[in-house]
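J.:
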Amino acid sequence: MSAAEKNNMIKGVLTVLGKDRVGIIAALSAMLADANCNILDISQTTMDDIFTMTMLVDVSDVKGGFAPLAQALKAKGDEMGLSVQLCHVDIFNAMHKI
Amino acid sequence: MFISTDEIIQTVRMIQQEHLDIRTVTMGVSLLSCVRGDVDSTCRAVYDKITSCAARLVEVCRGIEVELGIPIVNKRVAVTPIGMIAPADPEGCVKLAETLERAATAVGINFLGGYSALVHKGFTPAERALISSIPEALKATQKVCASVNVATTKAGINMDAVREMGQVIKRAAMLSADTGGSCCARLVVLCNAPEDNPFMAGAFHGPGEPDCVINVGVSGPGAVKAAIEHVRGQNFTVLAETIKKTAFKITRAGQLVAELASSRLGVPAGIVDLSLAPTPAVGDSVARIIEEMGVGRCGAPGTTAALALLNDAVKKGGLMASSHVGGLSGAFIPVSEDEGMIEAVRRGSLCIEKLEAMTCVCSVGLDMIVVPGDTEAHTISAIIADEAALGMVNTKTTAVRIIPAPGKKVGDTVEFGGLLGSGPVMSVRQYSDSDSSAAFVERGGRIPAPMQSLRN
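Chains as they are written, first to last, in our numbering: chain A, 1 to 98; chain B, 1001 to 1456.
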């Protein structure tokens, strides 16, 4: 069992890469709210002229399930010309923390 | 934030742009409990065992892919070497192969390994039957992979098996002449075969393994190449450190997938194979890493040293990232499955003899090499003997997966499709009559095991 599964809260990371525009956070956070996901932390910056946003969200109790939400967010990103991905925090902890 | 944005973006880039993926989650299944009094009953027991153990394998892996955002390219099963449970008649063996194919289809996997025999010291009647049935078994199936271990460091080389495998490979090629001899892409001849290898075509579930186990093979040549692009011109210490750090991250992803798959399937986690497995996609090539190190063309002088450094750094980086390491562990150099290797052959910088040297310092052997269709069986056997000798003397795994493509000549290309890629036909040093290696291969018997001291 992974670390996140041992604690009750399962944390996800939403990553957004692409060209900055009006309404990115509004659109994605509305979808997260609809799916019952609390935003725990948010950080945005510009790296090599690319708008980069990462959001830490609570995905313990996603309405409709994790996979459909991840898919819907990706589709919304495609629609807005952005690369959007939602995945569990475990992969980042595994790769970057000893 | 809990983890830096840089680190998050680095992972996302590795996956989205540098082809980082989990190459395979392979479930090992023991079939030793499936032996019955007649072959039909054995087949039923084999089918039931595989389909019950691996029923949720694909579904669970798909769930992990979505949650972690990392592709798991292949979901596979490896079984007990069929030579250990087969009847001593080739037709019965083919029935077992067809059963494996049905089971593979039922659970939704793309390859199943273990149509295998371990004959490094000698054959049982069942293993003789199985080996002679390999061409027909491969022809009758699409997903079943066959392997034969013909040598070990402790037992030496079974030259009778080596001789026979040359003929088996030729026959498998002829039976699939319409697809360029593609059956041979699912057939590998090994020395020092690992019992927990998750990679095809050489995967089987060794007799020392538990009843059921999850083994994971990672990948990521593109991620390694991207990392070393940042240290161009710097010395080898810096280069090796950079590769180690990248291999650590890649392997940690594999370890996480192994833990999750193991806990969700209720099956023990076996090993993570610390591998750099290329694909034919641009940006997913081991050859391009060697070129990025400064060897202008893969195959040029310097290639073997570059590959030695790469292989060693991948292992050192990966070791700390995983609780249990096994399988083949190292860089793979399958010609038809690596875009950079294919180009190196086409432009003439890479030949079979150079590949042979490279196999002394990396994880496998002469892999996915297409040779002219008129290559004699004894020439193929002699190539296998050379490769087995390298593995035997150097206490490492070596393998030969060679495709004598019927009707094809040097310069032609054979398309296998998918992960197997496309192979340019390579030249073989083949001499006729009294100058050939036929008399060497025809001797038969065993080459004795080598000394383990006075190692020069």
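Glycine is no exception: its CB is placed at the ideal position from the N, C-alpha and C atoms.
Source: prediction; values computed, not measured.
(1) Is any beta-carbon of chain A found at less than 8 Å from that of B:L1265?
(2) Is DSSP giving A:G81 helix, strand or coil here?
(3) Shortest alpha-carbon distance to B:V1441 belongs to which of B:D1089, B:E1164, B:Q1016, B:G1391?
(4) State the DSSP-derived secondary structure class of B:N1197, mapped to helix, strand or coil.
(5) Could you give the C-beta distance for B:V1039 and B:K1095, rounded to a whole number, given that I count them as a contact under 8 Å?
(6) List the residues of chain B whose Cβ lies closer than 8 Å to the Cβ of A:K93, in chain order.
(7) Residues bridged to B:V1012 by DSSP?
(8) Could you please give me the residues that DSSP links to B:R1401 through a beta bridge?
(9) Once you ignore the five residues that flank B:A1344 on each side, which residues in its own chain have a CB closer than 8 Å to its CB?
(10) Assuming B:P1194 and B:P1278 make a contact with CB atoms under 8 Å, what is their CB distance in whole Å?
(11) Mind checking if B:I1289 is an interface residue toward chain A, Cβ cutoff 8 Å exclusive?
(12) Is the beta carbon of B:G1340 closer than 8 Å to that of B:S1285?
(13) Give the DSSP bridge partners of A:H88, in chain order.
(14) Starting from the beta carbon of A:V13, find every residue of chain B whose beta carbon is closer than 7 Å, and list them in chain order.
(15) Is B:F1236 helix, strand or coil when you go by DSSP?
(16) Is it buried or exposed for B:G1444, if we count other Cβ within 10 angstroms and need 16 for buried?
(17) Determine the DSSP secondary structure at B:I1243, reduced to helix, strand or coil.
(18) Please report how far the alpha carbon of A:E5 lies from the alpha carbon of B:I1050, in whole angstroms.
(19) Checking contacts by CB at 8 Å: is A:F51 closer than that to chain B?
(20) Helix or strand or just coil, what does DSSP make of B:N1074?
(21) Compute the Euclidean distance between the alpha carbons of B:T1303 and A:G65, then round it to the nearest angstrom.
(22) Return the residues of the stretch 1068-1095 of chain B that lie within a Cβ-Cβ distance of less than 9 Å from chain A, sorted by chain order.
(23) In chain order, what residues of the same chain lie with their CB nearer than 7 Å to the CB of B:C1360, ignoring the 5 residues before and after it?
(24) So, is the C-beta of A:A70 closer than 8 Å to a C-beta in chain B?
(25) Since I believe B:L1130 is in contact with B:F1070 (beta carbons under 8 Å), could you give me their beta-carbon distance rounded to a whole number of angstroms?
(26) Going along chain B in order, which residues have a C-beta closer than 7 Å to the C-beta of A:T46?
(27) Closer than 9 Å by beta-carbon distance: list the chain A residues that pair up with B:Q1016, in chain order.
(28) Apart from the five residues on each side of it in sequence, which residues of its chain come closer than 6 Å, Cβ to Cβ, to B:A1103?
(29) Check whether the Cβ of A:L82 sits closer than 7 Å to any heavy atom of the ligand FAD, and report yes or no.
(30) Given that A:A67 touches chain B, what residues does it touch there, using C-beta distances under 7 Å?
(31) Going along chain A, which residues have a C-beta under 8 Å from B:R1252?
(32) For the beta strand (DSSP E) containing A:T45, name the first residue and the last one.
(33) Going along chain A, which residues have a C-beta under 9 Å from B:K1249?
(34) Can you grab the Cα-Cα spacing for the pair B:V1168 / B:D1312, in whole Å?
(35) Could you check whether the Cβ of A:H88 sits closer than 8 Å to any Cβ belonging to chain B?
(36) Which stretch, first to last residue, makes up the alpha helix (DSSP H) that contains B:G1326?
T.: Put simply:
(1) Taking the second sequence and counting its residues from 1, one reaches residue 1265 of chain B at position 265. So no, B:L1265 is outside the interface.
(2) In the first sequence, residue 81 of chain A corresponds to position 81, counting from 1. A:G81 falls in the coil class under three-state DSSP.
(3) Position 441 of the second sequence, counted from the first residue, corresponds to residue 1441 of chain B. The shortest Cα separation from B:V1441 among B:D1089, B:E1164, B:Q1016, B:G1391 belongs to B:E1164.
(4) Counting from 1 along the second sequence, the entry for residue 1197 of chain B is found at position 197. Three-state DSSP puts B:N1197 in coil, outside helix and strand.
(5) One-based indexing of the second sequence puts residue 1039 of chain B at position 39. One-based indexing of the second sequence puts residue 1095 of chain B at position 95. Contact holds; Cβ gap of about 6 Å.
(6) As a working mapping, residue 93 of chain A is identified with position 93 in the first sequence. Correcting the residue type first, residue 93 of chain A is Asn in the shown sequence and not Lys. Under the 8 Å cutoff, chain B gives I1003.
(7) By 1-based counting over the second sequence, the position of residue 1012 of chain B is 12. DSSP lists no partner for B:V1012.
(8) In the second sequence, the residue the question calls residue 1401 of chain B occupies position 401. Answer is B:D1367.
(9) Here residue 1344 of chain B corresponds to residue number 344 of the second sequence, with the count starting at 1. The beta carbon of B:A1344 sits closer than 8 Å to the beta carbons of A1287, R1297, C1298, G1299, L1350 from its chain, once the five residues preceding and following it are set aside; these are given in chain order.
(10) Here residue 1194 of chain B refers to the residue found at position 194 when the second sequence is read from its first residue. Here residue 1278 of chain B refers to the residue found at position 278 when the second sequence is read from its first residue. With a Cβ gap of about 20 Å, B:P1194 and B:P1278 do not count as contacting.
(11) As a working note, residue 1289 of chain B is residue 289 in the second sequence. So no, B:I1289 is outside the interface.
(12) Indexing the second sequence from 1 puts residue 1285 of chain B at position 285. Indexing the second sequence from 1 puts residue 1340 of chain B at position 340. Yes, they are a contact pair.
(13) In the first sequence, counting from the first residue as 1, residue 88 of chain A sits at position 88. DSSP lists A:G12 as partners of A:H88.
(14) Position 13 of the first sequence, counting from 1, holds the residue named residue 13 of chain A. Correct list: I1008.
(15) On the second sequence, position 236 is the one that residue 1236 of chain B refers to. Three-state DSSP puts B:F1236 in a helix.
(16) Within the second sequence, numbered from 1, the residue matching residue 1444 of chain B stands at position 444. Exposed, by the Cβ-count rule.
(17) Residue mapping note: residue 1243 of chain B aligns to position 243 of the second sequence, counting from 1. DSSP places B:I1243 in helix when its eight states are reduced to three.
(18) Translated into the one-based positions of the first sequence, residue 5 of chain A becomes position 5. Translated into the one-based positions of the second sequence, residue 1050 of chain B becomes position 50. The predicted position of A:E5 is uncertain, since its pLDDT is 49 and thus under 50; a value taken from the coordinates is nonetheless stated next. Taking the CA atoms as reference points, A:E5 sits about 29 Å from B:I1050.
(19) Translated into positions along the first sequence, residue 51 of chain A becomes position 51. No, because no Cβ of chain B sits closer than 8 Å to the Cβ of A:F51.
(20) Your numbering for residue 1074 of chain B matches position 74 in the second sequence. Reduced to three states, the DSSP call for B:N1074 is strand.
(21) Counting from one through the second sequence, the residue named residue 1303 of chain B turns up at place 303. Counting from one through the first sequence, the residue named residue 65 of chain A turns up at place 65. Whole-angstrom Cα-Cα distance: 49 Å.
(22) L1068, G1069, I1070
(23) Numbered from its first residue, the second sequence carries residue 1360 of chain B at position 360. Taking B:C1360 as the centre and dropping the five residues before and after it, the same chain places the C-beta of L1390, N1394 closer than 7 Å to its C-beta, in chain order.
(24) Here residue 70 of chain A corresponds to residue number 70 of the first sequence, with the count starting at 1. Closer than 8 Å to some Cβ of chain B, the Cβ of A:A70 qualifies, so yes.
(25) As a first step, residue 1070 of chain B must be located in the second sequence, where it is residue number 70. As a first step, residue 1130 of chain B must be located in the second sequence, where it is residue number 130. In the sequence as displayed, the identity of residue 1070 of chain B is Ile instead of Phe. Going by Cβ atoms, the distance from B:I1070 to B:L1130 rounds to 37 Å, so no, they are not a contact pair.
(26) Here the question's residue 46 of chain A lines up with position 46 in the first sequence. By Cβ distance, chain B contributes nothing, its closest Cβ being about 11 Å from A:T46, past 7 Å.
(27) Taking the first residue of the second sequence as position 1, residue 1016 of chain B is located at position 16. Residues of chain A passing the Cβ test: L17, S83, Q85.
(28) Numbered from 1 along the second sequence, position 103 holds the residue referred to as residue 1103 of chain B. Closer than 6 Å at the Cβ level, and outside the excluded window around B:A1103, lie Y1047, I1050, T1051.
(29) Inclusion of the ligand FAD in the displayed structure is not the case, the ligand content being empty and no account of it being possible.
(30) Stepping through the first sequence from its first residue, residue 67 of chain A is reached at position 67. Result: V1066.
(31) Along the second sequence, one-based indexing puts residue 1252 of chain B at 252. What B:R1252 touches in chain A: A94, M95.
(32) Taking the first sequence and counting its residues from 1, the one referred to as residue 45 of chain A is at position 45. Unbroken beta strand (DSSP E) run through A:T45: 38-47.
(33) Walking along the second sequence from the start, residue 1249 of chain B turns up at place 249. At a C-beta separation below 9 Å, B:K1249 has these neighbours in chain A: A94, M95, H96.
(34) Looking up residue 1168 of chain B in the second sequence gives position 168. Looking up residue 1312 of chain B in the second sequence gives position 312. Each residue's alpha carbon lies about 34 Å from the other.
(35) Residue numbering aside, residue 88 of chain A sits at position 88 when the first sequence is read from its first letter. Chain B has a Cβ within less than 8 Å of the Cβ of A:H88.
(36) In the second sequence, the residue the question calls residue 1326 of chain B occupies position 326. No alpha helix (DSSP H) holds B:G1326; DSSP gives it neither H nor E.
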